[in-house]
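Taken in sequence, the protein lines are chains W and D.
In case it helps, my numbering puts the first sequence at residues 2 to 117.
In case it helps, my numbering puts the second sequence at residues 173 to 287.
Below is one structure, written out as structure tokens; the observations come after it.
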Amino acid sequence: DAGVIQSPRHEVTEMGQEVTLRCKPISGHDYLFWYRQTMMRGLELLIYFNNNVPIDDSGMPEDRFSAKMPNASFSTLKIQPSEPRDSAVYFCASSFFLAGGPNTQYFGPGTRLTVL
Amino acid sequence: AQSVAQPEDQVNVAEGNPLTVKCTYSVSGNPYLFWYVQYPNRGLQFLLKYITGDNLVKGSYGFEAEFNKSQTSFHLKKPSALVSDSALYFCAVRDIRRNTDKLIFGTGTRLQVFP
């Protein structure tokens with residue numbers, strides 16, 4: 002099993018540019034989560050999907066952020082326009098439904114985004 | 173509201189000594205509790221979780237955690253620390269009664285094991 006795959010691993014862009022982060026969840030998983038990690042705010046959940054449908058997007062900071070999951074094996078997180086304060090490590094995680102207990106989330110390696 | 177507190181930013185321990193990383197939680201109902209570890213430039217890795225039943229949960233790499241409902245705690249422990257255990261450790265909670273798969277993470281505790 003390849004685990005959760007994220008691309009790119011590093012992204013450097015200039016303020017105002019569009020940034021697209023990509024995630025391939027573990028095959029068979031029906032939940033997908035996007036997180037942001039910064040020194041100041043720690044690990045924050047941005048949005049999560051179940052069966053490709055967004056369930057909770059209350060953590061998306063503002064309209065500049067959008068996320069899609071067109072199919073079970075692919076999701077994108079887009080920032081347009083990007084700002085320096087968006088600089089962070091963005092993680093994708095996936096899990097599968099477990100009857101009688103909580104799902105265990107498996108994390109990807111992350112994308113380190115730097116906005117100049 | 174759900175919350176998790178990791179009161180120590182850093183824990184230092186000598187190799188071979190027992191280690192404890194503390195976590196306390198607050199939920200309105202009963203909790204599901206998790207520990208994750210993050211090595212430098214890596215994603216979080218699952219260590220263990222508490223669902224119900226036995227208060228002592230055993231996980232990966234020799235780690236275990238003890239659920240204490242009266243103290244609302246879920247401390248991570250290991251009998252004998254290794255230098256390779258040095259990493260950032262996160263506790264997380266989910267309220268069983270809430271219809272959500274959202275986990276609330278603590279701020280993390282950096283474990284430093286010295287040779």
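In this text, a Cβ means the ideal position worked out from N, Cα and C, and glycines have one as well.
Only a predicted model underlies this, so the values are computations on that prediction, with no experimental measurement involved.
Span of the beta strand (DSSP E) around residue i
| i | result |
| --- | --- |
| V90/W | A89 to S96 |
| Q7/W | I6 to S8 |
| P62/W | Element bounds for P62/W: n/a, residue is neither H nor E. |
| S258/D | Careful: S258/D lies outside any beta strand (DSSP E) and carries neither H nor E. |
| A177/D | S175 to A177 |
| G43/W | G43 to N51 |
| E238/D | E236 to N240 |
| C195/D | Per DSSP, C195/D belongs to no beta strand (DSSP E) and is neither H nor E. |
Proximal chain D residues relative to residue i, where beta-carbon distance stays under 7 Å
| i | result |
| --- | --- |
| N104/W | D273 |
Nearest-angstrom beta carbon gap, residue j and residue i [assumed within contact, 8 Å]
| i | j | result |
| --- | --- | --- |
| F108/W | V5/W | 6 Å |
| A94/W | F50/W | Their Cβ separation, rounded to whole angstroms, is 11 Å, which puts A94/W and F50/W out of contact at 8 Å. |
Pairwise C-alpha distance: residue j and residue i
| i | j | result |
| --- | --- | --- |
| R86/W | Q106/W | 27 Å |
| F98/W | Y222/D | 16 Å |
| N213/D | Q38/W | 12 Å |
| F286/D | Y208/D | 21 Å |
| Y204/D | G101/W | 11 Å |
| N52/W | Y32/W | 6 Å |
| I268/D | N240/D | 16 Å |
| K250/D | N184/D | 13 Å |
| E236/D | V229/D | 5 Å |
| S245/D | E15/W | 44 Å |
| S252/D | E187/D | 7 Å |
| Y36/W | P190/D | 32 Å |
Option in the options with minimal Cα separation from residue i
| i | options | result |
| --- | --- | --- |
| N72/W | S28/W, E19/W and Q7/W | S28/W |
| Q18/W | F92/W, S95/W, K79/W and C93/W | K79/W |
| G43/W | A68/W, Y91/W, P110/W and V116/W | Y91/W |
| V54/W | S74/W, E63/W, P62/W and R65/W | S74/W |
| S96/W | L117/W, S8/W, T21/W and P26/W | P26/W |
| C263/D | Q217/D, T224/D, A186/D and G234/D | Q217/D |
| L219/D | Y233/D, N189/D, V199/D and D226/D | Y233/D |
Closer than 9 Å at the beta carbon, the chain W residues around residue i
| i | result |
| --- | --- |
| R214/D | F108, P110 and G111 |
| K137/D | Residue 137/D is absent from the structure shown; chain D starts at 173 and stops at 287. |
| Y204/D | G102 and P103 |
Cross-chain neighbours of residue i in chain W, by beta carbon under 7 Å
| i | result |
| --- | --- |
| G280/D | G43 |
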